[in-house]
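Taking the working numbering, I'd label the letters of the sequence shown as residues 441 to 482.
Before any comments, here is the structure.
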Amino acid sequence: KLLYLGIQNAQKKWTMPIQNWSLSVSQLAIFFEGRLDQELGL
Numbered sequence: 441k442l443l444y445l446g447i448q449n450a451q452k453k454w455t456m457p458i459q460n461w462s463l464s465v466s467q468l469a470i471f472f473e474g475r476l477d478q479e480l481g482l
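See below:
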């Protein structure tokens, strides 16, 4: 829940695409197995 809320809060400030975002998301998906699938559409 905390990760989701942190991402939602940070999205308000993002104006440019993040470099290597797909790599970061895949690493987070491994670390938080099953928790990011619904939130990020994996």
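Backbone N, C-alpha and C define an ideal beta-carbon position, used for all residues, glycine too.
Since the structure is predicted, the reported quantities are computational estimates derived from the model, not experimental observations.
- [ ] Locate the alpha helix (DSSP H) running through Phe472, then write down its first and last residues.
- [x] Phe472 -> no alpha helix (DSSP H), and no H or E assigned at all.
Open item on the list: Distance check for Lys441 and Ile447, CA to CA, integer angstroms please.
Closed with: 10 Å
Task: Unbroken alpha helix (DSSP H) run spanning Gln451, endpoints - done: Leu442 to Gln451
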